[in-house]
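>
2 protein chains.
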Amino acid sequence: MSLLQKAWKLIRLRKDRERVVVLGSGWAGYTVARELDAKKYQAVVVSPRSYFAFTPLLASTSVGTLEFRTALEPIRTRRTNVSFFQGWADGVDFKNRKITIEEAVDDPTSSLALTHDRHAHQTQEQRQEERKLEAKKGRLFDLSYDKLIVTVGCYSQTFGTPGVKEHALFLKDVGDARKIRNRLLACFEAAALPTTTDEMRRQLLTFAVVGGGPTGIEFSAELHDIITEDLARVYPELVPFHKITVYDVAPKVLPMFDEKLGKYAMETFKREGIDIKTSHHVEGLRPGAPGIQPGESDEHSVFTLKIKEEGEIGVGMVVWSTGLMQNPFVADALNGVNGTPKTLEYTGAALQEAENGPDSISWKVKKDQKTGSIMTDSRLRIKLTGDNDNNPDAILKDVFALGDCAIVEGTSYPATAQVASQKASWLAKRLNKNDMEKGGFKFKNLGVMAYVGNWNALFQGGEGSNISGRLAWIIWRGAYLTKSVSWRNKILIPMYWMINWIFGRDISRF
Amino acid sequence: MSLLQKAWKLIRLRKDRERVVVLGSGWAGYTVARELDAKKYQAVVVSPRSYFAFTPLLASTSVGTLEFRTALEPIRTRRTNVSFFQGWADGVDFKNRKITIEEAVDDPTSSLALTHDRHAHQTQEQRQEERKLEAKKGRLFDLSYDKLIVTVGCYSQTFGTPGVKEHALFLKDVGDARKIRNRLLACFEAAALPTTTDEMRRQLLTFAVVGGGPTGIEFSAELHDIITEDLARVYPELVPFHKITVYDVAPKVLPMFDEKLGKYAMETFKREGIDIKTSHHVEGLRPGAPGIQPGESDEHSVFTLKIKEEGEIGVGMVVWSTGLMQNPFVADALNGVNGTPKTLEYTGAALQEAENGPDSISWKVKKDQKTGSIMTDSRLRIKLTGDNDNNPDAILKDVFALGDCAIVEGTSYPATAQVASQKASWLAKRLNKNDMEKGGFKFKNLGVMAYVGNWNALFQGGEGSNISGRLAWIIWRGAYLTKSVSWRNKILIPMYWMINWIFGRDISRF
Chain H
1 MSLLQKAWKL
11 IRLRKDRERV
21 VVLGSGWAGY
31 TVARELDAKK
41 YQAVVVSPRS
51 YFAFTPLLAS
61 TSVGTLEFRT
71 ALEPIRTRRT
81 NVSFFQGWAD
91 GVDFKNRKIT
101 IEEAVDDPTS
111 SLALTHDRHA
121 HQTQEQRQEE
131 RKLEAKKGRL
141 FDLSYDKLIV
151 TVGCYSQTFG
161 TPGVKEHALF
171 LKDVGDARKI
181 RNRLLACFEA
191 AALPTTTDEM
201 RRQLLTFAVV
211 GGGPTGIEFS
221 AELHDIITED
231 LARVYPELVP
241 FHKITVYDVA
251 PKVLPMFDEK
261 LGKYAMETFK
271 REGIDIKTSH
281 HVEGLRPGAP
291 GIQPGESDEH
301 SVFTLKIKEE
311 GEIGVGMVVW
321 STGLMQNPFV
331 ADALNGVNGT
341 PKTLEYTGAA
351 LQEAENGPDS
361 ISWKVKKDQK
371 TGSIMTDSRL
381 RIKLTGDNDN
391 NPDAILKDVF
401 ALGDCAIVEG
411 TSYPATAQVA
421 SQKASWLAKR
431 LNKNDMEKGG
441 FKFKNLGVMA
451 YVGNWNALFQ
461 GGEGSNISGR
471 LAWIIWRGAY
481 LTKSVSWRNK
491 ILIPMYWMIN
501 WIFGRDISRF
Chain A
1 MSLLQKAWKL
11 IRLRKDRERV
21 VVLGSGWAGY
31 TVARELDAKK
41 YQAVVVSPRS
51 YFAFTPLLAS
61 TSVGTLEFRT
71 ALEPIRTRRT
81 NVSFFQGWAD
91 GVDFKNRKIT
101 IEEAVDDPTS
111 SLALTHDRHA
121 HQTQEQRQEE
131 RKLEAKKGRL
141 FDLSYDKLIV
151 TVGCYSQTFG
161 TPGVKEHALF
171 LKDVGDARKI
181 RNRLLACFEA
191 AALPTTTDEM
201 RRQLLTFAVV
211 GGGPTGIEFS
221 AELHDIITED
231 LARVYPELVP
241 FHKITVYDVA
251 PKVLPMFDEK
261 LGKYAMETFK
271 REGIDIKTSH
281 HVEGLRPGAP
291 GIQPGESDEH
301 SVFTLKIKEE
311 GEIGVGMVVW
321 STGLMQNPFV
331 ADALNGVNGT
341 PKTLEYTGAA
351 LQEAENGPDS
361 ISWKVKKDQK
371 TGSIMTDSRL
381 RIKLTGDNDN
391 NPDAILKDVF
401 ALGDCAIVEG
411 TSYPATAQVA
421 SQKASWLAKR
431 LNKNDMEKGG
441 FKFKNLGVMA
451 YVGNWNALFQ
461 GGEGSNISGR
471 LAWIIWRGAY
481 LTKSVSWRNK
491 ILIPMYWMIN
501 WIFGRDISRF
């Protein structure tokens, strides 16, 4: 196909539709891209992942209750009309309405939790040099947009705790779940070797979960389930050596649940033998057993977790599920605004400034002071702020931000999948109907859920109804089955639940 | 548990059963270990893999027709009574009846085709030093046996072709299948980038399969299926760029099938647009496009395949499915015999030698001169040969060898799963009934099958019946479903066949 033909084809595909570029493929980005009316908009997703990960099921996949792919939906499908480029957003030009993309087809961090800026090791000058080279190689390219939707999400925050980035496992993406499953089974296999001492066995089978939010609690519960239901049958002699402990700096876990449900969770965990240690502080993680210097120790052996209140503990695996770090793209690329975009709408003080000509103001993206999140108005449009004494505000009418990287100014909705997907559906509907001015986004709390192990769960409805135990577990499973996206997964998920209940979870490791 | 308690436990577990150590977990090892009577024998499998791979389904998993785990069975299960240590056999002491094991819990080659001796980079002295260190760390340990069954299989042979070990993909284990699936999808994703030129697109989507045996043919057929059935729908603009070519040095492919079936396969492939190039010789494989020196080129870009008859071709992926190399364990560890084992039975010339006392002879394991395979008698017991002029023969009555690493002296059974599993079942039965002398092993050819794409297959029955097309495909699917081991997989396999037929194969890449 010649270049001319190709240009023709893009025009033909695009017809007279507006191009909506969506950065990110998480709850917000995937939802809005799918729900946009393909007759009106050409949706183009740009993301380093070729799939959407159904995050609430990742804990289940990390122990094999579900197969990994049941928590994934590919962005490209037969049935939807969404275009896709696998890449990182690398820069935005609001004035000329185009973004720069760094392709990520072979990105080594693909499918893993992100813990640091991938260009952090470079100076700004080095990065600029690299960008030129990448552009020459075709690895960096521009894409124009009519509307831009920023849903790049957050990175995992390790609070600078030494060794955590390098040696802890996370639970943000499917590659993380895969690493956890492999490591868990490797710990049992290593403990089963005849030369492993009982002390080493105990350390290999000590699992620490850092963070007492729903993810940490659900993972601990699933871990307890696979150990007692499956591993106990194939490694009966090893099960007495295992220990699961949840650490949290806060004085209580599951803060989003009311006291009664929190207490139920604590009691369930106690019965299951899972320790919850609140007001505990992780100070570091390093390879090797306590008391042994790195280098002396065995390669596949244990890690030493340092807890302020307890000292050093030998552990087989640390799963880190706490803390959000602002996305470097939001911190760096979405900062200063070059020139004044035509689609700016002035509000408040800015209205007066407009008389002087908007070009007199140097604009930047307005952010939350504490979290660094992008501030939007109630229509999810990003806000700019001017640098002069009047602190003028403005709204960029063609750029939206939602998901964990953004907050609606004046609200404090939590950084959850529920908020992200509600915002996404709201935005798609407004864009499809072209009635943005009708009214702002309002979050409707549909309740929170958490699995606590042994077929028990917590459910706290939006209107305050509290359910715990087996019934909550049925609601939990029913809700995730209903919410899972494709028919394929709606069939596979209950299939795996049933098969693993009958035959046990698969423990092949590869 | 104290050391004494542990010793007690092993004795208690063992009761008065003989310990049968099985080296390897392929078709031969997995089958014999499962079929041994747990009342009579304590079966202990030693293998670097914690699972058995149902190899005929690997090609299906490599394109997502089946999920990876449907081709795996964990060695440890709830239902069987097989012990397992994850490790490499590192040495055998026939006289004292013990083997040395190098643990392999975190082995980086785990689940991948083996192409070279993992200690090849070391001199014998270096390896001896390392062994001492490993023994000290508990990573090398001895295990005694009453009976030993050697089923270590073969490695993949690359015939020293430059770059093949490093850059080709194989199809011997589930990790290989996973790499192929990821690479295939990455090629399409890279080709979809707007900056990829049409020339680069054509190279990225050129797939070369080396080897026209059943594995190479079935993989090509499955690859053709996913491209035309699934990728054509999500990347419609890219499909015209793709090309699949099968290369073989021999003048024809599928030599085990009779002419009519071979012709049917060739015609089917022709209709599907797959090229078969017989009498072609691969001379090398390197990263980078033809005409571009390595280093200049892009990281994730294409490879250059050099064919004697065609010159250099740019390809996105080379799948190598030809050639068996003798296992280094067989070549090195199973060679000279230290001292004279008590369980030696002399045959032929050795009978006379025995009068002089067996210790006068220096024994070594008898091997096939051409392939280096272990020679066994018709009872699958390994043969030793003496070093003096009479070339005395002897049989080691408590050591068996089967699978791809062994042949029955005087036969030429092919190195197939069928031969391996028949030998394994025969041996388990003889050991269970303790009637080894009843009669030797005889192979019963149950026929050969190959999938050729588009719901067509070949089936050549043991008694010469030939079937091709849709009916053969039904036989093909039926046979593998029947032979798949666990109920879990017997349910999951048809489930995935159905779901992928209805919804298409999953193209998420992680």
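From first to last, the protein sequence lines are chains H and A. Under UniProt numbering, the residues of the first sequence are numbered 1 to 510, in order. Under UniProt numbering, the residues of the second sequence are numbered 1 to 510, in order. All C-beta atoms, glycine included, are put in the ideal place defined by N, C-alpha and C.
Going along the chain, which unbroken runs of the beta strand (DSSP E) with 3 or more residues stay wholly within the stretch 436-491 of chain H?
Those beta strand (DSSP E) runs which fall completely within the stretch 436-491 of chain H and span 3+ residues are 448-453, 456-460 and 466-469.
> What did DSSP end up calling H/GLN86 once you bin it into helix, strand or coil?
Strand at H/GLN86.
> Just reading off the alpha helix (DSSP H) that H/ILE244 is part of, what are its end residues?
Here H/ILE244 belongs to no alpha helix (DSSP H); instead the beta strand (DSSP E) covers 243-247.
> Please list the residues of the stretch 100-112 of chain H that have a C-beta atom closer than 8 Å to any C-beta atom in chain A, keeping them in chain order.
Cβ contacts with chain A: GLU103, VAL105, ASP106, SER110 and SER111.
> Strictly by DSSP, which residues pair up with A/GLU345?
A/ILE395, per the DSSP bridge assignment.
> Which of helix, strand or coil does DSSP assign to H/THR228?
Residue state, collapsed to three classes: helix.
> In its own chain, which residues sit with a C-beta less than 7 Å from the C-beta of H/GLY24, not counting the 5 before and 5 after it?
So the qualifying residues of the chain are SER47, THR151, VAL152, GLY153 and GLY403.
> Sort H/ALA28, H/VAL209, H/GLY323 and H/PRO255 by Cα distance to H/GLY160 and report the nearest one.
It is H/GLY323.
> Short check: CB of A/ARG17 to CB of A/LYS40, under 9 Å?
For A/ARG17 and A/LYS40, yes; Cβs fall inside 9 Å.
> Would you mind reading off the limits of the beta strand (DSSP E) that contains H/LYS98?
Looking at the DSSP string, the run of the beta strand (DSSP E) that includes H/LYS98 is 98-103.
> Which word fits H/ALA120, buried or exposed, when buried means at least 16 other C-beta atoms lie within 10 angstroms of its C-beta?
H/ALA120 should be labelled exposed.
> Among A/VAL44, A/ASP106, A/LEU133 and A/ILE467, which has the Cα closest to the Cα of A/VAL452?
Ranking A/VAL44, A/ASP106, A/LEU133 and A/ILE467 by Cα distance to A/VAL452 puts A/ILE467 first.
> Return the residues of the stretch 469-501 of chain A that lie within a Cβ-Cβ distance of less than 8 Å from chain B, sorted by chain order.
The structure shown contains no chain B; its protein chains are H and A.
> Distance cutoff 9 Å, beta carbons only. Does H/ASP230 sit that close to anything in chain A?
Taking Cβ atoms only, chain A reaches closer than 9 Å to H/ASP230, which makes this a yes.
> Checking the sheet assignment: what are the DSSP bridge partners for A/MET375?
Bridge partners of A/MET375: A/ILE407.
> Name the DSSP beta bridge partners of H/ARG381, please?
H/ARG381 is bridged to H/PHE400.
> Roughly how many whole angstroms lie between the Cα atoms of A/MET200 and A/HIS224?
Computed Cα separation, rounded: 20 Å.
> Could you work out which residues of chain H lie near A/VAL315, taking near to mean beta carbons separated by less than 7 Å?
Those within 7 Å of A/VAL315 in chain H number zero; the least Cβ separation is about 16 Å.
> Alpha carbon to alpha carbon, how far is A/ALA265 from A/ASP248?
Whole-angstrom Cα-Cα distance: 15 Å.
> Could you check which residue in H/ALA190, H/MET256 and H/TRP27 has the C-alpha nearest to that of H/GLY461?
Closest by alpha carbon: H/MET256.
> Against chain A, which members of the stretch 61-77 of chain H pass a CB distance test of less than 8 Å?
The residues in question are GLU67, PHE68, ARG69, LEU72, GLU73, PRO74, ARG76 and THR77.
> Within the chosen definition, does the stretch 275-287 of chain A reach the stretch 119-139 of chain A through at least 3 CB pairs nearer than 8 Å?
Touching, no, given that fewer than three Cβ pairs across the two stretches are closer than 8 Å.
> From this set, A/ASN335, A/GLU345 and A/THR347, which residue's C-alpha is nearest A/ASP368's C-alpha?
For the residues A/ASN335, A/GLU345 and A/THR347, the minimum Cα distance to A/ASP368 belongs to A/ASN335.
> Which first and last residues belong to the alpha helix (DSSP H) in which H/GLU283 is found?
That residue, H/GLU283, is in no alpha helix (DSSP H); its beta strand (DSSP E) goes 282-287.
> Counting along the chain, where does the beta strand (DSSP E) carrying H/THR158 start and finish?
Segment: none, H/THR158 is in no beta strand (DSSP E) and carries neither H nor E.
> Kindly indicate if chain A contains any beta-carbon less than 9 Å away from that of H/GLN86.
It does; some Cβ of chain A falls within 9 Å.
> Between which two residues does the beta strand (DSSP E) carrying H/ALA53 extend?
Residues 51-53.
> In whole angstroms, what separates the C-alpha of H/ALA186 from that of H/ARG509?
The straight-line gap from Cα to Cα measures roughly 8 Å.
> Since H/LYS370 is in the beta strand (DSSP E), which residue starts that stretch and which ends it?
Premise fails: H/LYS370 is in no beta strand (DSSP E) and is neither H nor E.
> Flag this pair as touching only if the stretch 411-422 of chain A and the stretch 430-447 of chain A have three or more C-beta atom pairs under 8 Å; answer yes or no.
Touching, yes.
> What's the gap between the Cα of A/ASN96 and the Cα of A/THR215?
Their backbone Cα atoms lie some 41 Å apart in a straight line.
> Judging by CA-CA distance, which residue of A/ASP117, A/PRO494 and A/ALA394 is the nearest neighbour of A/SER156?
Among A/ASP117, A/PRO494 and A/ALA394, the Cα nearest to that of A/SER156 belongs to A/ASP117.
> Locate the alpha helix (DSSP H) running through H/VAL419, then write down its first and last residues.
It spans 417-433 - the alpha helix (DSSP H) in which H/VAL419 sits, taken as one unbroken run.
> Using the Cα positions of H/ILE382 and H/LEU140, report the straight-line distance between them to the nearest angstrom.
One C-alpha to the other measures close to 25 Å.
> How is A/SER279 classed by DSSP in three states: helix, strand or coil?
Reduced to three states, the DSSP call for A/SER279 is coil.
> Chain A partners of H/SER144, CB-CB under 9 Å?
What H/SER144 touches in chain A: nothing, since even the nearest Cβ is about 11 Å away.
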